[in-house]
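Line by line, the protein sequences are chains Z and U.
Under numbering that gives the first Met the number 0, the residues of the first sequence are numbered 0 to 147, in order.
Under numbering that gives the first Met the number 0, the residues of the second sequence are numbered 0 to 595, in order.
This report refers to the structure that appears directly beneath it.
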Amino acid sequence: MMPEEIFEPKIVGFLCQWCSYTGADLAGTSRMQYPPNISISRVMCSGRVDPTFVVKALAEGADGVLIAGCHPGDCHYNEGNYRALRRYPMLINLLDQYGIEKERVRLEWISASEGEKFAGVVEEMTANLKELGPLNWKGRSAEYCKTA
Amino acid sequence: MINLTVDGRKVEAQEGQTVLEAAKIAGIHIPTLCHHESLPPYGACRFCTVEIKQSGETKTTTSCTLPVGEGMEVATNTESVIQIRRMLAELMLARCGESEPIIKLAAELGVHKSRFPYPEVGKTLMVGKSDDCILCGMCVRLCDSVLKIGSLAFEGRGNRRKVTTPFHEPSEICKLCGSCESVCPTGTIYQRRITDQEPEEIPFEFEQGLIKRKPIYMLFPQAVPRVPVIDRETCMNFKTEGCKICEDNCEAQAIDHAMLEEIKKVKVGAIVIATGFDVFNAEEIPRYGHGRFPDVFTALEFERLSHASGPTGGKILKKDGTQPKSVAVIHCVGSRDVNHQVYCSQVCCMYSLKFAHLVKEKTGAEVYNFYIDMRATGKGYEEFYKRLLSEDTNFIRGKVAEVTTAAVSPKEEGKLVVVCEDTLLGMNRRIPVDMVILSVGIKAGKDAEKVARIFSLVFTADEFFREKHPKLAPVDTVNDGIFLAGACQSPKDIPASVAQGAAAGAGALKLIDKGSVVLEPITASINEDLCGGCKICVSNCPYSAVEYDLEKGVSVVIEELCKGCGTCVAGCPTGAAHQSHFEDIQIFSEIEGILR
């Protein structure tokens with residue numbers, strides 16, 4: 000008998016170029032171990048993360064999305080991360096209405112020196128998503144269409 | 000101009016000047032006890048008496064109160080003048096028999112004993128050992144009219160006259176400036192009897208508080224420009240609007256208390272951040288005894304102690320003034336310590352070796368170095384370490400547990416005992432010494448966070464500023480045109496700081512020389528056909544790079560101001576805003592690629 004396949008969640012990370020991407024880079028250059036489930040897309044600022052990016056990622060098969068930017072007050076563009084902070088609850092609210100668990104989309108402040116934090120966040124998120132199971136966007140939307 | 004002669008010398012004096020001042024111009028010394036540059040003449044002590052010949056008349060009078068007159072002939076040293084001064088000295092000696100300045104002055108005039116009996120007067124509030132007050136009123140006048148405090152006054156008349164505070168009570172308004180003590184010609188007045196407030200001494204910051212300073216002082220011996228500064232916190236002028244004695248004394252009239260600090264706005268094209276570092280506070284490790292035991296010094300304190308321009312003139316002395324016979328140098332205080340700073344401060348090994356060498360050279364004392372690892376990595380450093388080893392300096396490898404005065408054997412009595420583990424011998428040791436030097440580490444500046452906010456700099460975990468790239472751009476920052484130099488970026492020694500400073504300067508010059516700036520290729524743009532004119536992008540932009548064009552009813556990006564963060568693009572509800580190199584479609588493709 001084949002052993003049961005372990006679910007490996009797919010995470011898309013939108014990381015700002017100045018803090019979080021550098022932080023992730025630091026985690027790499029420091030040879031820190033973290034799950035390979037995350038794929039990173041570099042953006043100039045967490046403020047550039049259009050909510051549609053998140054929805055697109057989930058629709059394309061991601062099980063979770065990580066948005067990470069500079070700590071409040073440390074934004075390279077002064078206040079881009081504040082915009083991200085404002086958009087995030089609205090997005091979560093919207094996803095909630097579609098029955099998508101809020102744990103799947105996470106906003107984190109990770110500075111350029113916090114490689115360890117980045118590794119920790121990815122680890123935690125992977126564990127959470129494993130517990131939640133696959134998002135199954137297509138299946139869910141089909142079901143949603145039936146009931147609607 | 001008024002012409003007169005003083006002791007036969009021709010003097011040109013200004014109208015309104017006194018004979019005493021004219022004599023000073025002529026370089027002739029007239030003894031005084033109650034004269035002060037900042038006070039009007041008072042004529043109390045009578046010591047400045049001179050003989051004046053004018054229009055055929057001869058008279059003796061006090062020179063401090065007499066204005067100069069045309070054709071005056073002043074004699075400061077005639078027999079009758081000296082006779083008067085001797086008599087004054089005798090009278091004062093009778094009253095102030097214990098005052099050293101008076102005894103000295105009398106001795107200069109050949110008076111050693113007084114014929115007059117010591118008068119019986121009740122003890123005043125202020126006097127020290129005996130009533131040595133000569134009632135010159137310097138303290139009263141200075142406190143009242145110059146310092147504008149007025150905590151002292153004369154009381155009584157005739158032989159009951161004395162200097163005191165109102166109702167003989169401790170003064171509440173005394174500002175503890177110490178002017179009365181410093182100006183008293185007989186060294187009598189005692190500030191601590193004027194008030195029950197405790198005077199605060201001002202520690203000299205540059206000398207690490209090893210000595211005290213005045214409110215006006217030279218910042219440090221090699222200060223550039225080499226001019227004194229006034230400390231607003233302690234200067235009396237900023238407390239009472241009085242004093243200004245320094246202004247009266249300054250011949251160049253260079254002191255201006257009304258001067259305010261100015262904030263100047265300067266437009267520049269490049270900035271070099273060289274804000275330096277702070278030193279680890281040794282008192283954070285109380286078991287090493289700094290602040291508790293007088294002979295435990297930090298590295299900077301010892302540096303001043305051993306420096307030729309320092310408080311001891313370069314003599315290595317304990318606080319009691321004796322030379323130490325054994326000295327311990329404790330390395331890595333605060334550095335390489337999981338409880339404080341995990342990183343190596345990089346400079347301490349070498350300066351500790353320097354200290355060990357200096358102690359050995361200047362005092363011949365036994366020197367013990369307590370180290371974790373010896374890191375002599377620079378040019379010529381290992382050779383210096385080898386030299387120290389050959390100079391019979393003791394090196395003990397191990398972390399010091401504590402410095403204590405609790406002796407457990409007779410040879411430890413009265414000594415500082417360094418308790419440590421010797422990891423090479425594999426045993427615990429107790430080493431009694433006379434002096435301990437703590438080699439404190441380097442840490443990020445107290446205001447590093449503030450500086451980082453101003454210049455949008457990024458920190459590393461230990462709060463030093465982060466360079467653009469640790470290997471390829473160690474001088475640049477993520478902000479174009481801002482460069483880092485020195486220990487604000489990481490702990491480093493002088494050669495490394497100089498090198499980085501030069502590199503930062505070259506980086507700045509490169510920009511200036513070019514005369515133009517290359518703009519970021521990543522900028523936002525707005526498609527006028529799609530823009531609905533909602534102005535969300537205008538409010539989103541942190542750089543005011545998006546403007547609303549009233550005529551067209553659309554928003555427009557000013558490309559030169561745009562830094563390319565893309566916040567406006569994400570906020571645009573119609574998809575009119577674009578970010579070059581980070582177009583929505585590009586990111587979508589990226590997402591698709593990631594999740595394929």
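The beta carbon of each residue, even a glycine, is placed where N, CA and C say it ideally should be.
With three or more C-beta pairs closer than 8 angstroms as the rule, is the segment 330-341 of chain U touching the segment 238-251 of chain U? no
For residue 80 of chain Z versus residue 40 of chain Z, is the C-beta distance shorter than 7 angstroms? The count along the first sequence starts at 1 and reaches residue 80 of chain Z at position 81. The count along the first sequence starts at 1 and reaches residue 40 of chain Z at position 41. Cβ atoms of residue 80 of chain Z and residue 40 of chain Z: not closer than 7 angstroms.
Here's a check: name, in chain order, each residue in its chain whose Cβ is nearer than 7 angstroms to the Cβ of residue 127 of chain U, leaving out the five neighbours to either side. Within the second sequence, the letter at position 128 stands for residue 127 of chain U. For residue 127 of chain U, the predicted structure reports a pLDDT of 45, less than 50, and the residue's modelled location is therefore unreliable. A value from the coordinates is still provided. Taken in chain order, the residues that qualify are 187 and 189.
Runs of beta strand (DSSP E) lying entirely within the segment 393-444 of chain U, each at least 3 residues, in chain order: Taken in chain order, the complete beta strand (DSSP E) segments of 3 or more residues contained in the segment 393-444 of chain U are 393-396, 399-403, 415-421, 426-432, 434-439 and 441-443.
In angstroms, rounded to a whole number, what distance separates the CA positions of residue 552 of chain U and residue 231 of chain U? One-based indexing of the second sequence puts residue 552 of chain U at position 553. One-based indexing of the second sequence puts residue 231 of chain U at position 232. Here the C-alpha atom of residue 552 of chain U lies approximately 56 angstroms from the C-alpha atom of residue 231 of chain U.
Residue-level contact to chain U via CB, residue 68 of chain Z, 7 angstroms cutoff: Translated into the one-based positions of the first sequence, residue 68 of chain Z becomes position 69. For residue 68 of chain Z, the answer is no, since every Cβ of chain U falls outside 7 angstroms of its Cβ.
Give me the residue from U:400, U:492 and U:373 with the minimum Cα distance to residue 387 of chain U. Numbered from 1 along the second sequence, position 388 holds the residue referred to as residue 387 of chain U. Among U:400, U:492 and U:373, the Cα nearest to that of residue 387 of chain U is on U:373.
Say whether the segment 72-82 of chain U touches the segment 32-50 of chain U, bearing in mind that this needs 3 or more beta-carbon pairs closer than 8 angstroms, one atom from each stretch. With the cut-off at 8 angstroms, the segment 72-82 of chain U and the segment 32-50 of chain U touch.
Consult DSSP for residue 167 of chain U and reduce its assignment to one of helix, strand or coil. Within the second sequence, numbered from 1, the residue matching residue 167 of chain U stands at position 168. Looking at residue 167 of chain U - three-state DSSP - the assignment turns out to be helix.
With a threshold of 7 angstroms on Cβ separation, who are the neighbours of residue 562 of chain U within its own chain once the five nearest residues in sequence on each side are excluded? The count along the second sequence starts at 1 and reaches residue 562 of chain U at position 563. Excluding positions up to five away in sequence, the list reads 519 and 542.
Go to residue 243 of chain U, then tell me how far its alpha helix (DSSP H) extends in each direction, as first and last residue. Taking the second sequence and counting its residues from 1, the one referred to as residue 243 of chain U is at position 244. In the DSSP assignment, residue 243 of chain U falls outside any alpha helix (DSSP H) and carries neither an H nor an E.
Start and end residues, alpha helix (DSSP H) containing residue 587 of chain U: As a first step, residue 587 of chain U is located in the second sequence; it is residue number 588 there, counting from the start. First-last of the alpha helix (DSSP H) with residue 587 of chain U: 583-593.
Classify residue 391 of chain U: buried if its beta carbon has 16 or more other beta carbons within 10 angstroms, exposed otherwise. What you label residue 391 of chain U is simply residue 392 of the second sequence in a count that begins at 1. Exposed, by the Cβ-count rule.
Alpha helix (DSSP H) segment containing residue 94 of chain U, residue limits: For the purposes of this step, residue 94 of chain U is taken as residue 95 along the second sequence, with counting starting at 1. 78-94 is the extent of the alpha helix (DSSP H) around residue 94 of chain U.
Label residue 300 of chain U either buried or exposed according to how many other C-beta atoms from any shown protein chain fall within 10 Å of its C-beta, with 16 as the threshold for buried. The residue given as residue 300 of chain U occupies position 301 in the second sequence. Counting the other CB atoms within 10 Å of its CB gives residue 300 of chain U a total of 16 or more, which places it among the buried residues.
Residue 125 of chain U at chain Z interface by Cβ criterion, 7 angstroms: If you number the second sequence from 1, residue 125 of chain U lands on position 126. Confidence in residue 125 of chain U is poor, its pLDDT being 48 and thus under 50, which makes the residue's placement too unreliable to answer from.
Since residue 468 of chain U sits in a beta bridge, which residues does DSSP pair it with? Working through the second sequence from its first residue, we reach residue 468 of chain U at position 469. The secondary-structure analysis by DSSP pairs residue 468 of chain U across a beta bridge with U:472.
CB-CB under 8 angstroms to residue 491 of chain U, same chain, minus the five flanking residues each way: which ones, in chain order? In the second sequence, the residue the question calls residue 491 of chain U occupies position 492. Excluding positions up to five away in sequence, the list reads 345, 346, 485 and 499.
In terms of alpha-carbon separation, which member of U:249, U:33 and U:234 lies closest to residue 226 of chain U? One-based indexing of the second sequence puts residue 226 of chain U at position 227. Comparing Cα positions, the closest option is U:249.
Could you tell me the distance, in whole angstroms, from the CA atom of residue 504 of chain U to the CA atom of residue 474 of chain U? As a working note, residue 504 of chain U is residue 505 in the second sequence. As a working note, residue 474 of chain U is residue 475 in the second sequence. Roughly 10 angstroms separates the two Cα atoms.
Do residue 2 of chain U and residue 11 of chain U count as a contact pair if the criterion is CB distance below 7 angstroms? Residue 11 of chain U sits at position 12 when you count from the first residue of the second sequence. Residue 2 of chain U sits at position 3 when you count from the first residue of the second sequence. Contact: yes.
Grab me the residues of residue 108 of chain U's own chain with a C-beta within less than 6 angstroms of its C-beta, minus the 5 sequence neighbours each way, in chain order. Against the second sequence, residue 108 of chain U aligns to sequence position 109. Cβ contact annotation for residue 108 of chain U (same chain, cutoff 6 angstroms, sequence separation greater than five): 84, 85 and 88, in chain order.
According to DSSP, simplified to helix, strand and coil, what is residue 57 of chain U? As a working note, residue 57 of chain U is residue 58 in the second sequence. Strand, per DSSP.
Rounded separation between residue 102 of chain U and residue 202 of chain U - CA only: What you label residue 102 of chain U is simply residue 103 of the second sequence in a count that begins at 1. What you label residue 202 of chain U is simply residue 203 of the second sequence in a count that begins at 1. Answer to the nearest angstrom: the Cα atoms are 33 angstroms apart.
Counting only Cβ pairs nearer than 7 angstroms, list the residues of chain U close to residue 111 of chain Z. Position 112 of the first sequence holds residue 111 of chain Z. The contacting residues are 457 and 465.
Nearest-angstrom Cα separation, counted from residue 449 of chain U out to residue 116 of chain Z: On the first sequence, position 117 is the one that residue 116 of chain Z refers to. On the second sequence, position 450 is the one that residue 449 of chain U refers to. Spanning the two alpha carbons is a distance of roughly 24 angstroms.
Would you list, in sequence order, the uninterrupted beta strand (DSSP E) runs of no fewer than 3 residues that lie entirely inside the segment 249-337 of chain U? 270-272, 276-278, 295-297 and 325-332
At what residues does the alpha helix (DSSP H) containing residue 136 of chain Z begin and finish? Looking up residue 136 of chain Z in the first sequence gives position 137. Residue 136 of chain Z -> alpha helix (DSSP H) spans 136-146.
Suppose contacts are defined by Cβ-Cβ distances below 7 angstroms. Is residue 303 of chain U in contact with residue 309 of chain U by that definition? If you number the second sequence from 1, residue 303 of chain U lands on position 304. If you number the second sequence from 1, residue 309 of chain U lands on position 310. The answer is yes: Cβ separation under 7 angstroms.
Neighbour list for residue 141 of chain U in chain Z, Cβ cutoff strictly below 9 angstroms: Here residue 141 of chain U refers to the residue found at position 142 of the second sequence. The contacting residues do not exist; residue 141 of chain U stays about 52 angstroms from chain Z at best.
Using a Cβ-Cβ cutoff of 8 angstroms, what residues of the segment 575-589 of chain U are near chain Z? List them in chain order. Shown in chain order are the members of the segment 575-589 of chain U whose Cβ falls below 8 angstroms from a Cβ of chain Z: 578, 581, 583, 586, 587 and 589.
State the DSSP-derived secondary structure class of residue 383 of chain U, mapped to helix, strand or coil. Numbered from 1 along the second sequence, position 384 holds the residue referred to as residue 383 of chain U. Helix.
Using the beta-carbon count (16 or more within 10 Å), is residue 130 of chain Z buried or exposed? Locating residue 130 of chain Z in the first sequence gives position 131, where the first residue counts as 1. Under this definition residue 130 of chain Z is an exposed residue.
Could you pull out every unbroken alpha helix (DSSP H) segment of at least 4 residues lying fully inside the segment 143-210 of chain U, listed in chain order? Counting only runs of 4 or more, we get 178-182 and 190-193.
Are the CB atoms of residue 11 of chain Z and residue 64 of chain Z nearer to each other than 7 angstroms? By 1-based counting over the first sequence, the position of residue 11 of chain Z is 12. By 1-based counting over the first sequence, the position of residue 64 of chain Z is 65. Against a cut-off of 7 angstroms, the Cβ pair of residue 64 of chain Z and residue 11 of chain Z comes out as a contact.
Residue 535 of chain U to residue 554 of chain U, Cα distance in whole Å? On the second sequence, position 536 is the one that residue 535 of chain U refers to. On the second sequence, position 555 is the one that residue 554 of chain U refers to. Looking at the two C-alpha atoms, the distance is approximately 9 angstroms.
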